[in-house]
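The structure appears below as structure tokens.
2 protein chains.
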Amino acid sequence: MNDQPKAVVLLSGGLDSTTTLAIARSQGFEIYALSFQYGQRHGIELEAARRIARHLRVAKHVVVDIDLRLFGGSALTDDIAVPKRRSLTEMGGDIPLTYVPARNTIFLSFALAWAEVLDSEDIFIGINALDYSGYPDCRPEYIGAFENLAALATKAGVQGRQKLKIHTPLIRMTKAQIIKKGLEMGADYSLTHSCYDPSETGEACGECDSCLLRLKGFREAGVPDPIRYRNRNG
Amino acid sequence: MNDQPKAVVLLSGGLDSTTTLAIARSQGFEIYALSFQYGQRHGIELEAARRIARHLRVAKHVVVDIDLRLFGGSALTDDIAVPKRRSLTEMGGDIPLTYVPARNTIFLSFALAWAEVLDSEDIFIGINALDYSGYPDCRPEYIGAFENLAALATKAGVQGRQKLKIHTPLIRMTKAQIIKKGLEMGADYSLTHSCYDPSETGEACGECDSCLLRLKGFREAGVPDPIRYRNRNG
């Protein structure tokens, strides 16, 4: 096992990060899964992340507790209502209310710290430039800028021993392509959680942007979504 | 007060960050001070940060709790002995044991999140390329890479409304110059804490790298260091 390269994989417990983890594993990496508890209203996501980490047999799963509510600024951490039943045009037209300031920058910074300690050169993140075009920190040029930063930030980078690579295997895929790929790689989507506004028992709302994109993806992939919804297709 | 520009200032409670805060204030910024509780052994630093924030009348002081011990990898967070009584050559020759992986990247990421929420274009950080030449993330090229990242990471950057500036007023200054500057700007160094290995009552050891650099700075500035030491000059 010791000659297996290590990868830090950001794992939210959603469909995209689960697929990303399955892809990283299929490429031969030993997986160090990293999740965040950041004052989001749907802590249910973290339970999903724990189940997925066990199911895909990661070497270690760390949950970092950070409180982004201290700064405010987003529907996922403040008490702003989650938008419901929006069309794809409405979702794509602006930066979403559910945008969390600098979230991916914070997440990648922690991943970088762990990668440095592990002597790993590989971080995987399940960002997607198509479905989430409104998020500035989901674009390829943003990822390139983070790789540049990493090369200057770390001991290994400075000593020229290492060039950190941030893998974004989903960046150009549609949700349907992501789902098909994940199923090939052994992802179990019944364990995942995507909804921005779940019930207390973890049932998805079926109407928030995240549910609508997920349901559309399963429809287009021609496979059933194995999770339960309060409202399907509104 | 409302037309005063806002700045996020990273405040550790040490001499450099205190000077940086005093400089930012003298430039007319309303100050939002940001400190971190990150499993460092010297939580005494945070008490210093709180005293300094009060003394320099910041608009708000936020302490973010993050646990870098989850990843291990440094004398400041692990149980490795702090090196004592090293010469300047020994300190400068390698990347210090007290280096915390990706620390400044994590700190700046949180500062970026807060700046975005505040609609601030200015972050101040008291890094120094001379005294801490061993730290990869204390160099000007690292800061430039973070500014590039910030321009791509945020709503304001993407919309072209804003170009985040990371101010590093101390980057080319010697410790003696920093001390003289801070005294001009109203910094009270009796409130600060620098030691990597303080006693339980907060007395500085006088022998770790940080104490030695501080004491040398005060000697060269020709002013007495107002804090108490267990051992002065070893």
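Protein chains in written order, with our numbering: chain G, 3 to 236; chain S, 3 to 236.
C-beta atoms are modelled at their ideal positions from N, C-alpha and C, and glycine is treated no differently.
Predicted model, so just to flag it, every value in this text is computed and none were measured.
Item: List the residues that DSSP assigns as beta-bridge partners of isoleucine 181 of chain G.; Value: DSSP output for isoleucine 181 of chain G lists no bridge partner at all.
Item: With a cut-off of 9 angstroms, does the C-beta of serine 111 of chain S fall near any C-beta of chain G?; Value: yes
Item: Identify each residue in the region 29 to 40 of chain G for which the Cβ-Cβ distance to at least one residue of chain S is less than 8 angstroms, and report them in chain order.; Value: none
Item: Is it right to say asparagine 233 of chain S is buried, meaning 16 or more other beta carbons lie within 10 angstroms of its own, or is it exposed?; Value: exposed
Item: Note down, in chain order, every chain G residue with its Cβ under 8 angstroms from the Cβ of alanine 55 of chain S.; Value: Those do not exist, as alanine 55 of chain S stays about 15 angstroms from chain G at its closest Cβ, beyond 8 angstroms.
Item: Report the three-state DSSP secondary structure of aspartate 199 of chain S (helix, strand or coil).; Value: coil
Item: Can you list the residues of chain S that glutamate 143 of chain G reaches, using a CB-CB cut of under 7 angstroms?; Value: Leu154
Item: My output table needs one value for aspartate 139 of chain S: the three-state DSSP class, helix, strand or coil.; Value: helix
Item: Taking glutamine 39 of chain S as the reference, which of S/Glu49, S/Phe31, S/Gln179 and S/Arg174 has the closest Cα?; Value: S/Glu49
Item: Could you check the C-alpha separation between glutamate 186 of chain S and phenylalanine 73 of chain G for me, to the nearest Å?; Value: 32 angstroms
Item: Here's the rule I'm using: 16 or more other beta-carbon atoms within 10 Å means buried, otherwise exposed. How should arginine 216 of chain S be labelled?; Value: buried
Item: Considering just the uninterrupted stretch of the beta strand (DSSP E) at glutamate 32 of chain G, what are its terminal residues?; Value: 32 to 39
Item: Counting contacts by CB-CB distance shorter than 9 angstroms, is serine 14 of chain S in contact with chain G?; Value: no
Item: Given this structure, state the Cα-to-Cα distance separating aspartate 121 of chain S from arginine 59 of chain G, to the nearest angstrom.; Value: 42 angstroms
Item: Chain S partners of alanine 147 of chain G, CB-CB under 7 angstroms?; Value: Asn150, Leu151 and Leu154
Item: Give me the Cα-Cα distance between alanine 104 of chain S and isoleucine 173 of chain S, rounded to the nearest whole angstrom.; Value: 18 angstroms
Item: Using the beta-carbon count (16 or more within 10 Å), is serine 19 of chain G buried or exposed?; Value: buried
Item: Can you give the Cα-Cα distance for aspartate 5 of chain S and alanine 51 of chain S, rounded to whole angstroms?; Value: 26 angstroms
Item: Can you find a C-beta in chain S that's less than 9 angstroms from the C-beta of isoleucine 108 of chain G?; Value: yes
Item: Please state the DSSP three-state secondary structure of aspartate 2 of chain G.; Value: With chain G represented from 3 up to 236, any question about residue 2 of chain G goes unanswered, as that position is not in the structure.
Item: Return helix, strand or coil for phenylalanine 73 of chain S, following the three-state DSSP convention.; Value: coil
Item: Express the C-alpha separation of valine 225 of chain G and tyrosine 231 of chain G in angstroms, rounding to a whole number.; Value: 16 angstroms
Item: One question on the structure: do leucine 151 of chain S and threonine 107 of chain G come within less than 9 angstroms of each other, judged by their Cβ atoms?; Value: yes
Item: For a contact defined as C-beta to C-beta under 7 angstroms, what are the partners of proline 7 of chain G on chain S?; Value: Here the premise fails: no neighbours, minimum Cβ distance about 18 angstroms.
Item: Can you look up leucine 99 of chain S in the DSSP assignment and give me helix, strand or coil?; Value: Legend: pLDDT at leucine 99 of chain S = 49, less than 50; position of this residue unreliable, value from coordinates given subsequently. In this structure, leucine 99 of chain S counts as coil in the three-state DSSP scheme.
Item: Comparing C-alpha positions only, which one of S/Pro142, S/Ile125, S/Asp124 and S/Phe126 sits nearest to leucine 132 of chain S?; Value: S/Pro142
Item: Nearest chain G C-beta to aspartate 211 of chain S closer than 9 angstroms, yes or no?; Value: no
Item: Name the chain S residues that come within less than 9 angstroms of aspartate 67 of chain G, Cβ to Cβ?; Value: Asp67, Ile68 and Asp69
Item: Is there a Cβ of chain S sitting closer than 9 angstroms to that of valine 225 of chain G, yes or no?; Value: no
Item: Taking the alpha-carbon of valine 10 of chain G as reference, which of G/Arg53, G/Tyr144 and G/Gly128 has the nearest alpha-carbon?; Value: G/Gly128
Item: For aspartate 67 of chain S, which residues from the same chain have a beta carbon less than 6 angstroms from its beta carbon, with the 5 sequence-adjacent residues on both sides left out?; Value: Gln39
Item: For the region 114 to 139 of chain S, list every residue whose C-beta sits within 7 angstroms of some C-beta in chain G, in sequence order.; Value: Leu114, Ala115, Trp116, Glu118, Val119, Pro138 and Asp139
Item: Under three-state DSSP, which class holds aspartate 124 of chain G?; Value: strand
Item: CB-CB under 7 angstroms to isoleucine 145 of chain S, same chain, minus the five flanking residues each way: which ones, in chain order?; Value: Ile168 and Thr170
Item: Have a look at glycine 15 of chain S and tyrosine 137 of chain S and give me their C-alpha separation to the nearest angstrom.; Value: 19 angstroms
Item: Can you look up valine 11 of chain S in the DSSP assignment and give me helix, strand or coil?; Value: strand
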